[in-house]
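Visitor: Below you will find the structure I want to go over with you.
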Amino acid sequence: MNTKILSAVGISGLLMAGGVLSASASASGYDLFKTSVKKTQHVNSFTANVQASLKDNDTVIYSVNSLNKENLKADSGSSTVSVINNGQKSNVEFYNNNQQSVVKSSKDNKYYVKQEREKKWDDSKKKHEEESFSAQKQKDIEAIFDALTKNYQDSVTSKQLPNGNTQLELDLSKNEIPAVGQAVMSFFLKNLDQQTGEKVHEGFGPLQFADLKPSIPQLVKNISVSRVDLKGEVNPDQYLTGQKADVYVSGTDASGKEHNLVLHISSNLDNLNKTNASTIDLNGKTVVKVQDRHDGHED
Amino acid sequence: MLNVRNEWMKLIRKRSAIALLVISGLLPLVAGPIINVLQNRFSFTAFDGESFPLVMLSLAVSFYLPLLLALAISDVFSGEQEQKTLSFLLVRPISRMKIFKSKTISTGLYLLALLLIICISSILSGAIWLENFTVHGLFLAVVSFMLSWIPLMALGLLFMFLVQWIGSGSRALTFSIILYLAMMVVNFLFPGLARWLPTYDTNWYQRWINSGLNTLVMGRCLYLLSWCAMFYTLGYYKFSKKEF
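Quick mapping for you: the protein sequence lines, in order, are chains A and B. 1061 is the number of the first residue of the first sequence in this note's numbering; add one for each residue after it. 22 is the number of the first residue of the second sequence in this note's numbering; add one for each residue after it.
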């Protein structure tokens, strides 16, 4: 090989290496996200403050605010949920441990109690074991996840917040959202009426939650997800303590009116590994016992 | 330029090449109404006029175009050697450098022509059949198609270098396809290694859309261009030293 060829190959090889190395150095926001997700998976207990709201052309049509205390090790949890649906406010409280679940709604002052059966407790235990993957399986899933998200990894921006946490953000505009996401969202919105019809029996025994369902405008045309903004907050211990998602959907309904829907969900984790679920003392309270239905599909 | 016209004619006047160009143009035109019907029947909107060309492009760059590129390259080099027509070219008073250059340029032009045809027909199809067609979408589509030329050409230059060892068109094609599939597998299974292959960038237009011109995109640009330079040089070297 003569020197000209050799030097051309050498120089281009060096440049190639430089290109690859300079490109791979910038994906740190994504790496921090992965580390924090892996770490947060192994949390035993937490307090989560979850808020969600749905806006239709800038009017809030539905909002949920809940405070959940979960202790996975003791299999107990409690949550208070308040829902504002079309201006009407209602509160629901849930308590559950491995023996019973209790539900209290602001509609009446009765406490609905369902005894957990032995079998179900076994099932959930088994399920929990399945959830913790083997190291190899986790690595495979990670590799696939990496390959699927490679075009988004470098769009994750990170910012240092004044409280010491790091904020990660992924802001996707319409053309960056994969077609599958568009398809699922538009399918969901176009078929809303059929879904609510089927699930009208959902509830906890005699307690029905039908009035807590949001009334989302029925979109028929030009449905598209115009923007998705995801934010995560990682604390100095590398736990993912805050998550926020804003989804913007636009479309027109049957009468041709244009709707811009904004779904906002945020969740803040707190008291990691230090949370104990609230308990309820049923003494002196009106208790309604709820039986599992025995017609094949219980719950 | 010397011999480019000659090579271009050889590439484009083949019956198979004409058929493939026509098919490339027809596929998006047919896919548009089919998607329209499916979306109406199952009531979802995955693709609208704005995103349809990009969806077509993502399919084209991951399967269709690498295949067609491999086919063209195996014809231009190994195929001609097999048919013994390359010797006629070599006795003309043109340097091997110029012959190699003209073959590379005409392959690049062929790839550009394929991209343009798919681009135009998918934009048309999206505008006619699907709702929500915008000027912004048109602009994104044209830029994305043009950007896709670079990673595909990098892949093509690698094929061009490697088929120098193969004296039969069909074997060169099979080899190129297997090589491409292997690179795709690496892409999914070994993300660390994948960064060193041009297949990592086949849908890099998505990265341009997502984040514009940042360090990563600049790095990948530098990588792809130097990859092209390296395999062009190596390909030429092998071609010039080859005995026919």
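All residues carry an ideal CB built from backbone N, CA and C; glycine is no exception.
#1: Determine whether the beta carbon atoms of valine 184 of chain B and alanine 1239 of chain A lie at a separation below 8 Å.
#2: Could you please tell me which residues of the region 225 to 237 of chain B, in chain order, have their CB closer than 9 Å to any CB of chain A?
#3: Which one of A:Leu1075, A:Asn1062, A:Asp1330, A:Ala1083 has the shortest CA to CA distance from valine 238 of chain B?
#4: For leucine 1332 of chain A, which residues from the same chain have a beta carbon less than 7 Å from its beta carbon, with the 5 sequence-adjacent residues on both sides left out?
#5: I'd like to know whether the C-beta of threonine 254 of chain B is nearer than 8 Å to at least one C-beta of chain A.
#6: From the DSSP output, read off the bridge partner residues of isoleucine 139 of chain B.
#7: Excluding the five sequence neighbours on either side, which residues of its own chain have a C-beta within less than 8 Å of the C-beta of leucine 1114 of chain A, listed in chain order?
#8: Select from B:Asp222, B:Ile94, B:Gly70 the residue whose C-alpha is nearest the C-alpha of isoleucine 33 of chain B.
#9: Three Cβ pairs or more, each shorter than 8 Å: is that satisfied between the region 1221 to 1233 of chain A and the region 1292 to 1309 of chain A?
#10: Shorter than 8 Å from the beta carbon of tyrosine 1212 of chain A to some beta carbon of chain B?
#11: Using a C-beta cutoff of 8 Å, does aspartate 69 of chain B count as contacting chain A?
#12: Quick one: what's got a C-beta closer than 7 Å to glutamate 1176 of chain A's C-beta in the same chain, skipping five residues either side?
#13: Taking only beta-carbon positions, decide if arginine 241 of chain B is within less than 8 Å of chain A.
#14: Give the range of the beta strand (DSSP E) segment to which glycine 1302 of chain A is assigned.
#15: In whole angstroms, give me the CA-to-CA distance for leucine 1066 of chain A and leucine 1075 of chain A.
#16: Please identify the residue among B:Leu151, B:Leu92, B:Leu110 whose C-alpha is closest to the C-alpha of valine 58 of chain B.
#17: So asparagine 1109 of chain A packs on aspartate 1330 of chain A, CB below 8 Å; how close in whole Å?
#18: Shortest alpha-carbon distance to phenylalanine 265 of chain B belongs to which of B:Asp222, B:Ala250, B:Ile187, B:Cys140?
#19: Can a CB atom of chain B be found closer than 8 Å to the CB of valine 1080 of chain A?
#20: How would you write the range of the beta strand (DSSP E) that tyrosine 1155 of chain A sits in, first residue to last?
#21: Between the C-alpha atoms of valine 1260 of chain A and lysine 1197 of chain A, what's the straight-line distance to the nearest angstrom?
#22: To the nearest angstrom, how far is the alpha carbon of glycine 1257 of chain A from that of lysine 1334 of chain A?
#23: Buried or exposed: which applies to alanine 215 of chain B, given that a residue is buried once 16 or more other Cβ atoms fall within 10 Å of its Cβ?
#24: Run down chain B in chain order and give the residues with a C-beta less than 7 Å from the C-beta of glutamate 1236 of chain A.
#25: With three or more C-beta pairs closer than 8 Å as the rule, is the region 160 to 175 of chain B touching the region 215 to 231 of chain B?
#26: Kindly indicate which three-state DSSP category phenylalanine 182 of chain B falls into: helix, strand or coil?
#27: Is there a Cβ of chain A sitting closer than 8 Å to that of tyrosine 201 of chain B, yes or no?
#28: Using a beta-carbon distance below 8 Å, is glutamate 264 of chain B in contact with chain A?
#29: On a CA-only basis, which of B:Leu255, B:Asn208, B:Met22, B:Ile230 is nearest aspartate 1214 of chain A? Give me that one, please.
#30: In its own chain, which residues sit with a C-beta less than 8 Å from the C-beta of leucine 137 of chain B, not counting the 5 before and 5 after it?
#31: Go ahead and label glutamate 1318 of chain A buried or exposed: buried means 16 or more other beta carbons lie within 10 angstroms of its beta carbon, across all protein chains shown.
#32: Is the CB-CB distance between isoleucine 198 of chain B and leucine 41 of chain B below 8 Å?
#33: What residue does the beta strand (DSSP E) around phenylalanine 1364 of chain A start on, and which one ends it?
#34: Determine the chain B residues that contact serine 1072 of chain A at a beta-carbon separation under 8 Å, and present them in chain order.
#35: Between the region 116 to 129 of chain B and the region 240 to 258 of chain B, can you find at least three pairs of beta-carbon atoms closer than 8 Å?
#36: Taking the C-alpha atoms as reference points, what is the distance between serine 1194 of chain A and tryptophan 217 of chain B?
Guide: In short:
#1: No, Cβ-Cβ distance for valine 184 of chain B and alanine 1239 of chain A is not below 8 Å.
#2: Under the 9 Å Cβ criterion, the region 225 to 237 of chain B contributes Trp225, Gln227, Arg228, Ile230, Asn231, Ser232, Asn235, Thr236, Leu237.
#3: The candidate whose alpha carbon is nearest that of valine 238 of chain B is A:Ala1083.
#4: Val1103, Phe1106, Tyr1299.
#5: Chain A contact via Cβ: present.
#6: DSSP output for isoleucine 139 of chain B lists no bridge partner at all.
#7: So the qualifying residues of the chain are Val1120, Ile1121, Tyr1122, Ser1123, Pro1274, Ile1276, Leu1321, Val1322, Leu1323, His1324.
#8: It is B:Ile94 whose Cα lies nearest to the Cα of isoleucine 33 of chain B.
#9: Counting Cβ pairs under 8 Å, three or more are found: they touch.
#10: Residue-level contact by beta carbon holds for tyrosine 1212 of chain A and chain B, with a gap shorter than 8 Å.
#11: Chain A contact via Cβ: present.
#12: Close CB contacts of glutamate 1176 of chain A within its chain, under the 7 Å cut and outside five residues either way in sequence, are with Asn1158, Gln1159, Gln1160, Ser1161 (chain order).
#13: By this cut-off, arginine 241 of chain B is an interface position.
#14: Secondary structure note for glycine 1302 of chain A: its beta strand (DSSP E) is the uninterrupted segment 1300 to 1313.
#15: So the alpha carbons of these two residues sit roughly 14 Å apart.
#16: If we check each option's Cα against that of valine 58 of chain B, B:Leu151 comes out closest.
#17: About 7 Å separates the beta carbons of asparagine 1109 of chain A and aspartate 1330 of chain A, which is inside the 8 Å limit, making them a contact pair.
#18: Distances from the alpha-carbon of phenylalanine 265 of chain B to those of B:Asp222, B:Ala250, B:Ile187, B:Cys140 put B:Ile187 closest.
#19: Interface residue, yes.
#20: From DSSP, the beta strand (DSSP E) with tyrosine 1155 of chain A extends over 1148 to 1156.
#21: Because valine 1260 of chain A carries a pLDDT of 47, less than 50, the predicted location of this residue cannot be relied on, and the following value inherits that uncertainty. So the two alpha carbons sit approximately 39 Å from each other.
#22: Any reading at glycine 1257 of chain A needs caution, since the residue's pLDDT is 46, under 50, leaving its predicted position unreliable; the model's value is listed next. Approximately 41 Å, taken between the alpha carbons.
#23: Alanine 215 of chain B should be labelled buried.
#24: Simply Ile230, Asn231.
#25: The answer is yes - the region 160 to 175 of chain B touches the region 215 to 231 of chain B, with three or more Cβ pairs under 8 Å.
#26: Secondary structure at phenylalanine 182 of chain B: helix, using DSSP grouped into helix, strand and coil.
#27: No - not a single Cβ of chain A is within 8 Å of the one on tyrosine 201 of chain B.
#28: False, the Cβ-Cβ gap to chain A never drops below 8 Å.
#29: Ranked by how close their Cα comes to the Cα of aspartate 1214 of chain A, the residues B:Leu255, B:Asn208, B:Met22, B:Ile230 have B:Ile230 in first place.
#30: Excluding positions up to five away in sequence, the list reads Phe166.
#31: Here glutamate 1318 of chain A is exposed: its Cβ has fewer than 16 other Cβ atoms, across all protein chains shown, within 10 Å.
#32: The answer is no: Cβ separation not under 8 Å.
#33: There is no way to answer for residue 1364 of chain A, as the model of chain A reaches only from 1061 to 1359.
#34: Annotation: Cβ neighbours of serine 1072 of chain A in chain B (cutoff 8 Å, chain order): Ser247, Trp248, Ala250, Met251, Thr254.
#35: These segments touch.
#36: Using only the alpha carbons, I get a separation of about 30 Å.
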